[in-house]
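Chemist: Pasting in a structure now, in structure tokens, and then I'll have a few things to ask.
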Amino acid sequence: TQLLEQSPQFLSIQEGENLTVYCNSSSVFSSLQWYRQEPGEGPVLLVTVVTGGEVKKLKRLTFQFGDARKDSSLHITAAQPGDTGLYLCAGALTGYSTLTFGKGTMLLVSP
Amino acid sequence: GAGVSQTPSNKVTEKGKYVELRCDPISGHTALYWYRQSLGQGPEFLIYFQGTGAADDSGLPNDRFFAVRPEGSVSTLKIQRTERGDSAMYLCASSLGRDSFTDTQYFGPGTRLTVL
């Protein structure tokens, strides 16, 4: 059973479109992180959210942590080809527990 | 400064052989993590070191897998009697400490292991 479910698994869009990807769980997390991974590289941390209802913005990326701290979303505005990659969410059940990753959403942005 | 490095970048071996995968963390990072990522999956935790000691090895799948960090810096993941199911990307990450709220894990580029 996957602790973190990400959807969709794959998303192919045109440059300039907006998109939202989701990360859901039945468990409550103390913190949740989003990473982006490009082929042949390790994941790179984008953001950490720790407070229920928290919204963080990183340029064209908006991250939201659900009020109950069980889910999160990542919204990208005006996607660019450079946004292409595997987007992973990862949660920690406590502040000092290991990270559990979802399977990721593979995003392809075409020019 | 230098990031996390892993060697080799690719390793092809035969079933039953022994392999060692090396990780050089960022200088000064006391925490070091090993993950395994299969195709179409997210990284799966294997083991965590704080300094020289393995603080949490609950993710190691069986006793064929072992990891060391003798001087609190470089770590080696060792796999004995490799099986085809061990084929995956092995990722190493390091961080200043263990607090998931504040300590960013920096990942290396990984070692792609293929067991024929």
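Protein chains in written order, with this note's numbering: chain A, 3 to 113; chain B, 14 to 129.
Even glycine gets a Cβ: it sits at the ideal position worked out from N, Cα and C.
Please confirm if Lys58 (chain A) has its CB atom under 8 angstroms from at least one CB of chain B.
Modeler: The sequence position of residue 58 (chain A) within the first sequence is 56, counting from 1. No, because no Cβ of chain B sits closer than 8 angstroms to the Cβ of Lys58 (chain A).
Chemist: Rounded to the nearest angstrom, what separates Thr65 (chain B) and Asp116 (chain B) at their Cα positions?
Modeler: Along the second sequence, one-based indexing puts residue 65 (chain B) at 52. Along the second sequence, one-based indexing puts residue 116 (chain B) at 103. If you take the alpha carbons of Thr65 (chain B) and Asp116 (chain B), they lie about 19 angstroms apart.
Chemist: Against chain B, which members of the segment 23–47 of chain A pass a CB distance test of less than 9 angstroms?
Modeler: Flagged, chain order: Ser32, Ser33, Gln35, Tyr37, Gln39, Gly42, Glu43, Gly44, Pro45, Val46, Leu47.
Chemist: Which chain B residues are close to Lys105 (chain A), counting only those with a beta carbon under 9 angstroms from its beta carbon?
Modeler: Along the first sequence, one-based indexing puts residue 105 (chain A) at 103. The answer, in chain order, is Gly53, Gln54, Gly55.
Chemist: Output yes if chain A places a C-beta closer than 8 angstroms to the C-beta of His117 (chain B); else output no.
Modeler: Locating residue 117 (chain B) in the second sequence gives position 104, where the first residue counts as 1. As written in the sequence, residue 117 (chain B) is Thr, which differs from the His given in the question. By this cut-off, Thr117 (chain B) is an interface position.
Chemist: Within 10 angstroms of its Cβ, does Ala81 (chain A) collect 16 or more other Cβ (buried), or is it exposed?
Modeler: As a working mapping, residue 81 (chain A) is identified with position 79 in the first sequence. Its Cβ being crowded by 16 or more others within 10 Å, Ala81 (chain A) is buried.
Chemist: Which of the three DSSP states, helix, strand or coil, is assigned to Arg82 (chain B)?
Modeler: The count along the second sequence starts at 1 and reaches residue 82 (chain B) at position 69. It is coil, neither helix nor strand.
Chemist: Grab me the residues of Thr96 (chain A)'s own chain with a C-beta within less than 7 angstroms of its C-beta, minus the 5 sequence neighbours each way, in chain order.
Modeler: Taking the first residue of the first sequence as position 1, residue 96 (chain A) is located at position 94. Contacts found: Ser32.
Chemist: Can you name the residues of chain A whose CB is closer than 7 angstroms to the CB of Asp69 (chain B)?
Modeler: Working through the second sequence from its first residue, we reach residue 69 (chain B) at position 56. By Cβ distance, chain A contributes Thr100.
Chemist: Give the DSSP-derived three-state secondary structure of Asp116 (chain B) in the structure shown.
Modeler: Counted from its first residue, the second sequence places residue 116 (chain B) at position 103. The answer is coil: DSSP assigns Asp116 (chain B) none of H, G, I, E or B.
Chemist: Give the interface partners of Phe58 (chain B) over in chain A, defined as CB-CB distance under 9 angstroms, in chain order.
Modeler: Numbered from its first residue, the second sequence carries residue 58 (chain B) at position 45. Here the neighbours are Thr100, Leu101, Thr102, Phe103.
Chemist: Taking the alpha carbon of Ala106 (chain B) as the point to measure from, which residue in B:Tyr31, B:Arg49, B:Val32, B:Gly53 has its own alpha carbon closest?
Modeler: Here residue 106 (chain B) corresponds to residue number 93 of the second sequence, with the count starting at 1. Checking every option, the nearest Cα to that of Ala106 (chain B) belongs to B:Arg49.
Chemist: Does the beta carbon of Leu90 (chain A) come closer than 8 angstroms to any beta carbon on chain B?
Modeler: For the purposes of this step, residue 90 (chain A) is identified with residue 88 of the first sequence, where counting begins at 1. By this cut-off, Leu90 (chain A) is an interface position.
Chemist: Listing by chain order, which chain C residues have their CB less than 9 angstroms from the CB of Tyr61 (chain B)?
Modeler: Reference to chain C is not applicable here, since the protein chains of this structure are A and B.
Chemist: What residues in the segment 67–91 of chain B bring their beta carbon closer than 9 angstroms to a beta carbon of chain A?
Modeler: Answer set for the segment 67–91 of chain B: Asp69, Ser71, Gly72.
Chemist: Mapping the DSSP letters down to three states, classify Asp85 (chain A) as helix, strand or coil.
Modeler: Looking up residue 85 (chain A) in the first sequence gives position 83. Helix, per DSSP.
Chemist: In this structure, does DSSP put Arg77 (chain B) in helix, strand or coil?
Modeler: One-based indexing of the second sequence puts residue 77 (chain B) at position 64. If DSSP states are grouped into helix, strand and coil, Arg77 (chain B) belongs with coil.
Chemist: From the DSSP output, read off the bridge partner residues of Phe65 (chain A).
Modeler: Counting from one through the first sequence, the residue named residue 65 (chain A) turns up at place 63. DSSP output for Phe65 (chain A) lists A:Lys58, A:Leu76 as bridge partner(s).
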